[in-house]
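Q:
Chains as they are written, first to last, in our numbering: chain A, 1 to 389; chain B, 1 to 91.
1. Run through chain B and tell me which residues come within less than 7 Å of residue 230(A), C-beta to C-beta.
2. Under the assumption that residue 91(A) contacts residue 246(A) (Cβ atoms under 8 Å), give the Cβ distance between them as a whole number of angstroms.
3. Less than 8 Å between the CB atoms is what I'm expecting for residue 357(A) and residue 67(A), so what's the real figure, rounded?
4. Is there at least one Cβ from chain B nearer than 8 Å to residue 307(A)'s Cβ?
5. What residues in the segment 164-175 of chain A bring their beta carbon closer than 9 Å to a beta carbon of chain B?
6. Kindly give me the distance between the Cβ atoms of residue 382(A) and residue 323(A), rounded to whole angstroms, as I take these residues to be in contact under 8 Å.
7. Can you list, in chain order, the residues of the segment 21-39 of chain B whose Cβ is nearer than 8 Å to any Cβ on chain A?
8. Quick one: which unbroken alpha helix (DSSP H) runs of 4-plus residues sit fully inside the segment 291-356 of chain A? Chain order, please.
9. Does the separation of the CB atoms of residue 173(A) and residue 209(A) fall below 8 Å?
10. Pull up the CB-CB distance for residue 71(B) and residue 36(B), whole angstroms please, since I reckon it's below 8 Å.
11. So that I know if they touch, is there some Cβ in chain A lying closer than 8 Å to that of residue 94(B)?
12. Grab me the residues of residue 321(A)'s own chain with a C-beta within less than 8 Å of its C-beta, minus the 5 sequence neighbours each way, in chain order.
13. Indicate whether at least one CB of chain B lies closer than 8 Å to the CB of residue 188(A).
14. Do the segment 2-9 of chain A and the segment 26-42 of chain A meet, that is, are 3 or more Cβ pairs less than 8 Å apart?
15. Which one of 193(A), 310(A) and 275(A) has the shortest CA to CA distance from residue 124(A)?
16. Identify the continuous alpha helix (DSSP H) that holds residue 20(A) and give its terminal residues.
17. Looking only at DSSP bridge pairs, what is residue 84(A) linked to?
18. Between which two residues does the alpha helix (DSSP H) harbouring residue 67(A) extend?
19. For residue 317(A), would you say it is in contact with chain B, using Cβ-to-Cβ distances shorter than 8 Å as the test?
20. What does a CB cutoff of less than 6 Å around residue 155(A) pick up in its chain, not counting 5 residues either side in sequence?
21. Could you work out which residues of chain A lie near residue 15(B), taking near to mean beta carbons separated by less than 8 Å?
22. So, with DSSP's three-state summary, where would you put residue 60(B)?
23. Can you find the residues in the same chain that come closer than 8 Å, C-beta to C-beta, to residue 250(A), ignoring five residues on each side of it along the sequence?
24. Enumerated in chain order, which unbroken segments of the beta strand (DSSP E) with a length of 3 residues or greater are wholly contained in the segment 160-245 of chain A?
25. Interface residues of chain B around residue 320(A) at Cβ under 7 Å?
26. Compute the beta-carbon to beta-carbon distance between residue 136(A) and residue 121(A), rounded to the nearest angstrom, for a pair I have assumed lies under 8 Å.
27. Is the beta carbon of residue 206(A) less than 8 Å from the beta carbon of residue 327(A)?
28. When we look at the beta-carbon of residue 384(A) and count the other beta-carbons within 10 Å, is it buried (16 or more) or exposed?
29. How many whole angstroms separate the CB atoms of residue 15(A) and residue 296(A), which I take to be in contact at a CB cut-off of 8 Å?
30. Could you spell out the range, first to last residue, of the beta strand (DSSP E) harbouring residue 90(A)?
31. For residue 378(A), name the three-state secondary structure that DSSP assigns.
32. Is residue 146(A) buried or exposed, if buried means 16 or more other CB atoms sit within 10 Å of its CB?
33. Can you find a C-beta in chain A that's less than 8 Å from the C-beta of residue 89(B)?
34. Of all the residues that make up the segment 245-260 of chain A, which are near chain C by a beta-carbon distance shorter than 9 Å?
35. Look at the alpha carbon of residue 62(A) and the alpha carbon of residue 85(A), and state the distance between them as a whole number of angstroms.
36. Where do the N-terminal and C-terminal ends of the alpha helix (DSSP H) with residue 96(A) fall, by residue?
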């Protein structure tokens, strides 16, 4: 162990691991410091979806499309089975009002280059059994997919290690070392680490890591609760969301004014089925600080919502629940780029629920920006300096 | 079940062998959750009722078992029908 490198990555979630891998691929000596184990935050407590349809048209969707391209050869590239599949996906629409919102959403996504359309209930029922009678229809895109998020994180980390990355688990960063306004390294309880670039990839904990450098980052933990069924025969044929999920995702401010408890909890349906057969049923979007616990109320509310939309799930059993903290940002976009006034300090956090889907492309653009100063597309919209830090 | 000594199942639900748990520990797992992430031990129908203790013992070799971080416990305690939970919400 040398404790010296070109880049220190703080955080061993899917983003930190992907960033470390891509930097190592470019020949950089990377040190990854993680306060717990790999995938201890959101990366280990989320569902499996790689949804392109849930992204807003524009840069968000462009990134997701570029990420989807990288996912294609990733299993071979990493030498690790990440359980990636392109399955298609649908967003269930319940009312004429939602249909109107989704028509606009879909039209804008088409312009960004996503293959997506709106289908009626009959067509939707051909793709997915067990749907409620009252549905108006759904969207459909053949491009959505899924992946095992923990295997993805472990796969990136393993490949990074093979390329010479020094991985330090159970190594909490407790300070950032500056000299003349320039980053020199970080402090940890087990000794200092030195590198001219430090990447804050600590997800929902990024604001706490940011404080060590005197930064007030606009990233807030947002809890998502998910329920998991026993393994069952193939039932969910593609990724599924509800239109209310999209509403909850992009209208955080409006949720708290509602009188409906399900709306306050940010409940929106998400369904996916793993290779082993477990169905993941989501989820909530709640601001409760760093409390990742499951609540009786949310479990009941999420499952009631799921049954209302897909009654066919009723006879299945829940064996486990999860609660995870997603790194929310006020404009729904991650913070990616160097921070003005802290030379060498780089942000790569704030993906909320899109971290898994965007992890391959995030690693790539972070490595591009650090090594070459630019990437294949204009990323100024993601710059952390768009906020007053 | 195979008769050779190497095929000892630690987690029966997910069919995780002793060898796989040992491999996970070699790869850096120091907690029950760490082993679970790397092997899926404890992710099955019984949610680690048996393997949790066996894995703690394997992690503890040479160390104080009291210092091994326990697995995270989350509801439900046993498998529950979705329709029953949703029914409870109506009342």
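Beta carbons are placed, not taken as given, at the ideal position from N, Cα and C, and that holds for glycine.
A: So, from the listed chains and residues:
1. Neighbours of residue 230(A) on chain B, chain order: 45 and 79.
2. Taking the Cβ atoms as the reference, residue 91(A) lies roughly 7 Å from residue 246(A), within the contact range of under 8 Å.
3. Between residue 357(A) and residue 67(A) the beta-carbon gap is near 6 Å, inside 8 Å, which marks them as a contact.
4. Taking CB atoms only, residue 307(A) has a neighbour in chain B less than 8 Å away.
5. Hits within the stretch, in order: 167, 169 and 170.
6. Going by Cβ atoms, the distance from residue 382(A) to residue 323(A) rounds to 28 Å, so no, they are not a contact pair.
7. Result list: 28, 29, 30, 31, 33, 34, 37 and 38.
8. Runs found: 296-309.
9. The answer is yes: Cβ separation under 8 Å.
10. Contact between residue 71(B) and residue 36(B) holds, since their C-beta atoms are separated by about 7 Å, short of 8 Å.
11. Since the first residue shown for chain B is 1 and the last is 91, residue 94(B) is missing from the structure and cannot be characterised.
12. Cβ-Cβ distances below 8 Å link residue 321(A) to 225, 226, 227, 228, 294 and 299 in the same chain, with the five nearest sequence neighbours on each side left out; the list follows chain order.
13. With 8 Å as the cut-off, residue 188(A) does not count as an interface residue toward chain B.
14. Of all C-beta pairs linking the segment 2-9 of chain A to the segment 26-42 of chain A, three or more are shorter than 8 Å, placing the two stretches in contact.
15. Comparing Cα positions, the closest option is 310(A).
16. Its alpha helix (DSSP H) spans residues 14-25.
17. Answer is none; residue 84(A) lacks a bridge partner.
18. Where residue 67(A) is concerned, the enclosing alpha helix (DSSP H) stretches over 59-72.
19. For residue 317(A), the answer is yes, since a Cβ of chain B falls inside 8 Å of its Cβ.
20. Cβ neighbours of residue 155(A) beyond the five flanking positions: 78, 80 and 82.
21. For residue 15(B), there are no C-beta contacts with chain A under 8 Å, since the nearest C-beta of that chain is about 11 Å from it.
22. Shown here, residue 60(B) sits in a helix according to DSSP, grouped into three states.
23. Hits under 8 Å: 56 and 332.
24. Taking only runs of at least 3 residues, the beta strand (DSSP E) segments lying wholly in the segment 160-245 of chain A are 166-168, 173-179, 182-188, 197-200, 220-231 and 239-242.
25. 47 and 74, listed in chain order.
26. So it is a contact: roughly 7 Å between Cβ atoms.
27. Yes, Cβ-Cβ distance for residue 206(A) and residue 327(A) is below 8 Å.
28. Answer is buried; the Cβ neighbour count reaches 16.
29. Incorrect: roughly 32 Å between the Cβ atoms, too far for contact.
30. Membership of residue 90(A) in the beta strand (DSSP E) is indicated by the continuous run 89-93.
31. In the structure shown, residue 378(A) sits in coil (DSSP, three-state: anything other than H, G, I, E or B).
32. With 16 or more other Cβ atoms from the protein chains shown falling within 10 Å of its own Cβ, residue 146(A) counts as buried.
33. Closer than 8 Å to some Cβ of chain A, the Cβ of residue 89(B) qualifies, so yes.
34. The chain labelled as chain C is not found among the protein chains of the depicted structure, namely A and B.
35. Spanning the two alpha carbons is a distance of roughly 20 Å.
36. That run of the alpha helix (DSSP H) goes 96-112.
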